[in-house]
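In the order they appear, the protein sequences are chains A and B. Okay, so the first sequence: first residue is 1 according to the working numbering, each after it adds one. Okay, so the second sequence: first residue is 1001 according to the working numbering, each after it adds one. These notes are about the structure you will find just below.
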Amino acid sequence: MTLVRIPLDTPTRKAADVTLKKRGEVVARVDWERFRDEATAARRETTENLDALVEEFARNATASGMKVVRAADGEAACRAVMAEIGESPEIVIKSKSMVTEEIGLRHHMEKLGFTVFETDLGEWIVQVRGELPAHVTAPAIHLSTAEIAQSLSGALGRTLPPEPKALAGAAIDHLAKPLRGARVGISGANFLIAETGEIVVIENEGNAYFCTSAETNVVVTGIDKVIRARRQLPPLLRVLTASATGQPQTVYTHVLGRPGGDGVRRTIVLVDNGRRDLVAGPYADAGRCIRCGACMVACPVFRQVSGHGYKTVYPGPIGILVAPFLEPQATPSDAPFYSTLCGACSDICPVRIPISELIARRREDLWKSGKTPAAVRQAVGLFRRAQGSGPSASIARRILLAVLRHPALRRGVRVLRAGMRR
Amino acid sequence: MTPGTAALEAMIERLGAAARESAVMFRRAGSAEAWPREGIEGLAAVVIADAIVAETGAIVLFGDDRRLRPIMASRALTAHARPDALVPTFAEALERFDGAGRMISICGPSRTADIEKTLVVGVHGPSEVTIVLHLPQS
């Protein structure tokens, strides 16, 4: 029998371990459960009053001098961005935004002849490689330093050593000029405050500052980022940064208020693209997500397959729940089965989304609507038959044993064990 | 509003510890040290902090990008503050922001850990950050 060796030291696993360790240190120092409760309550208000809060945000942001555009879907959002920056191709700088990945904004702009620089280091690395980010806050989590060195050497046309400091330095040099000189900056948002019309962006590198202070700044974000009040922001930022990177606070927290007399023209494109449907249905709890990615680093499946295994922009446990709404075309029909239902995601979620339970519900929905993948249907049938008696049950049991002893499955069991060891 | 002496001392102590953790250099101004003027000289920026967060060692600035862009483009940032700028947490700093322009909280040197979680300090924002606290001379 072939032994399948499972590498336990992949970049994703190592990075996940570092993040979980740092997160644990922050969590131990603060009244974590209280912050989690406050963050959950704030986000529950969002999913329960989404339309009213978006309306309030739009009104206040408009009154403060920003232009607000609503976009029903990805195509409308891309059109809205182009309407703001004009048709003549130029250099555009961009800071990290999952929503722009979701709507394919960069590809849309590149097709029109624009030169788009992803200015977040991890995001630039995956841009150079032509990949999707492998994690919502750590785009290059799946790559080793050697792989990154190879990709960046190719992009910059010179040989770079496989050392993080040298690689980051080369990227910083490459991005510094467009970052300071580009006329158009596209950014995302972490939260939108309804009562003030303010936009909140957090980051560590300083690139998002330059993108949000370009002459024309277009903020592209989902309507679900809205929160009711400013006082809900501090607990949300605490749980977001601790969960995403294990930091007590990110290096930069930007609160964009009324544009001053400095000539920055700011437009915010509020993207629906399935979000209203998400919060209106049985998976509304998943609409609370603040995109920290903690469920990913805690998940035994994600830790093994990394983000690209899910084939959607939003990977991991939460991706299984939100991708069917935000990117239905890309979501594989067997996505809810990329889970062991171990519950690690529900346990770690800072806004208490019962992720594992909802994934189980999704499986049930698929089963009831007859959309369960054939392999899963057959396996379930086999298990049922094996529980009975008589010759057909005995045959079913033999087939099951043979399948369960198959190397591919042993591999799955080892992945599970490794996940549980944490 | 200046906090009482005991509360102030506690906050300063907290700030010192937080600054160490956030890789922020922190010192009390010397008795002969004058209150500076905000400005940029070469790669160095000197600013008057609108708030300093004791819990994290963050420097909080309000204003428009004419003020903030040169600061964010500097390499070495030194923020001067008097006790009335000290606040316990980010929440109190946010309360002080009147919504004009933007608020930025700067908690240490710019950094990235996007390559195998290895910390690299000094990205696009300042790579050296210092807080100087000016206390009334007694």
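C-beta: ideal position from N, C-alpha, C; glycine also.
Query raised in the report: Can P1070(B) and I1040(B) be called in contact, C-beta distance under 7 angstroms?
Result: yes
Query raised in the report: From R421(A) to C299(A), what distance separates their C-alpha atoms?
Result: Below a pLDDT of 50, predicted positions are generally treated as unreliable, and R421(A), at 44, falls in that range; no measurement from the model is reported.
Query raised in the report: Among R1028(B), A1093(B), G1030(B) and G1101(B), which one has its Cα closest to the Cα of C1107(B)?
Result: A1093(B)
Query - Length of the line joining the Cα atoms of G1016(B) and R70(A) - result: 46 angstroms
Report task. Kindly identify the DSSP beta-bridge partner or partners of Y252(A). Result -> E203(A) and I1106(B)
Query raised in the report: Mind listing which residues of the region 358-379 of chain A have their C-beta closer than 7 angstroms to chain B's C-betas, in chain order?
Result: none
Query raised in the report: Mind checking G388(A): buried by the 16 CB within 10 Å criterion, or exposed?
Result: Exposed.
Report task. Could you round the C-beta distance between T267(A) and G188(A) to whole angstroms and report it? I think they count as a contact, below 8 angstroms. Result -> So it is not a contact: roughly 13 angstroms between Cβ atoms.
Query - Neighbourhood of T1050(B) by C-beta distance below 6 angstroms, restricted to the same chain and skipping five residues each side - result: Residue identity differs from the one stated: residue 1050(B) is Asp in this sequence, not Thr. Taken in chain order, the residues that qualify are V1060, L1061 and F1062.
Query - Contact with chain B by A160(A), beta-carbon distance below 7 angstroms - result: Checking the displayed sequence, the identity of residue 160(A) turns out to be Leu instead of Ala. Answer no: the Cβ-Cβ gap between L160(A) and chain B never drops below 7 angstroms.
Query raised in the report: If we ignore side chains and look at the alpha-carbon of each, how far apart do G206(A) and R265(A) end up?
Result: 20 angstroms
Report task. Please check if any C-beta of chain A sits within less than 7 angstroms of the C-beta of T1112(B). Result -> yes
Query raised in the report: Whose CA, out of Q247(A), Y252(A) and V136(A), lies closest to the CA of G316(A)?
Result: Across the set Q247(A), Y252(A) and V136(A), the C-alpha of V136(A) shows the shortest separation from the C-alpha of G316(A).
Report task. Please compile the residues from chain A whose C-beta is within a distance smaller than 9 angstroms of the C-beta of E1013(B). Result -> Residues of chain A passing the Cβ test: none, with the nearest at roughly 16 angstroms.
Query - Runs of beta strand (DSSP E) wholly within the region 150-231 of chain A (minimum 3 residues, chain order) - result: 184-187, 191-193, 198-203 and 216-222
Query - Cβ separation of A1019(B) and G1057(B), assumed to be a contact under 8 angstroms, to the nearest whole Å - result: Indeed, because the Cβ distance is near 4 angstroms, the residues count as touching under 8 angstroms.
**Report entry** Residues of the region 203-229 of chain A whose Cβ lies closer than 7 angstroms to any Cβ of chain E, in chain order
**Finding:** Absent from the structure: chain E. Protein chains present are A and B.
Query raised in the report: What residues from chain A crowd round I1104(B), counting only those whose CB sits closer than 9 angstroms?
Result: Y209, Y252, T253, H254 and V255
**Report entry** Cβ of A1045(B) within 7 angstroms of any chain A Cβ
**Finding:** no
Report task. Keeping to the same chain, check which residues put their C-beta closer than 6 angstroms to that of S356(A); ignore five residues upstream and five downstream. Result -> L341, G343, C345 and S346
Query raised in the report: Roughly how many angstroms separate the alpha carbons of G419(A) and Q304(A), rounded to a whole number?
Result: Confidence is the limiting factor: at G419(A) the pLDDT is only 46, short of 50, which leaves the residue's position unreliable, though a coordinate-based value still follows. Near 9 angstroms, if we compare the C-alpha coordinates of Q304(A) and G419(A).
Query - 3-residue-minimum beta strand (DSSP E) runs that sit fully inside the region 63-89 of chain A, ordered along the chain - result: With a minimum length of 3 residues, the continuous beta strand (DSSP E) runs that stay inside the region 63-89 of chain A are 67-71.
Report task. Consider the Cβ of Q304(A): report whether some Cβ of chain B lies at a distance smaller than 7 angstroms. Result -> Between Q304(A) and chain B, the shortest Cβ-Cβ separation is not below 7 angstroms.
Requested in this report: Mind reading off the beta-carbon distance from L175(A) to T119(A)? Whole number of angstroms is fine, and I expect it under 8 angstroms.
Outcome: 5 angstroms
**Report entry** 6 angstroms CB neighbourhood of T1078(B) in its chain, flanking five on each side removed
**Finding:** Cβ neighbours of T1078(B) beyond the five flanking positions: V1046 and T1130.
Query raised in the report: What's the C-alpha gap between A244(A) and G390(A)?
Result: 53 angstroms
Report task. Measure from the C-beta of G419(A) to each C-beta in chain B and report whether the shortest distance is under 7 angstroms. Result -> Residue placement at G419(A) cannot be trusted, given a pLDDT of 46 that sits under 50; what the coordinates show is reported in the next sentence. Not closer than 7 angstroms to any Cβ of chain B, the Cβ of G419(A) fails to qualify, so no.
Query raised in the report: Is the CB-CB distance between L53(A) and A194(A) below 7 angstroms?
Result: yes
**Report entry** CB contact check: A15(A) to chain B, cutoff 7 angstroms
**Finding:** yes
Query raised in the report: Hey, does E1116(B) have any beta-carbon neighbour from chain A nearer than 7 angstroms?
Result: yes
Requested in this report: For L1094(B), go through chain A and note every residue whose CB falls closer than 8 angstroms to its CB, in chain order.
Outcome: R230, L233, P234 and V255
Report task. Measuring only between beta-carbons, confirm whether A166(A) sits less than 7 angstroms from chain B. Result -> no
Requested in this report: Could you check what DSSP says for G319(A) in three-state terms: helix, strand or coil?
Outcome: helix
Query - Cβ neighbours of M1103(B) in the same chain (closer than 6 angstroms, five flanking residues each side left out) - result: F1062 and F1097
**Report entry** Residues in the region 1056-1072 of chain B having any Cβ partner in chain A nearer than 8 angstroms
**Finding:** T1056, A1058, G1063, D1064, D1065, R1066, L1068, R1069 and M1072
Query raised in the report: Counting only beta-carbon atoms, is T40(A) nearer than 7 angstroms to chain B?
Result: Output row for T40(A): interface = no.
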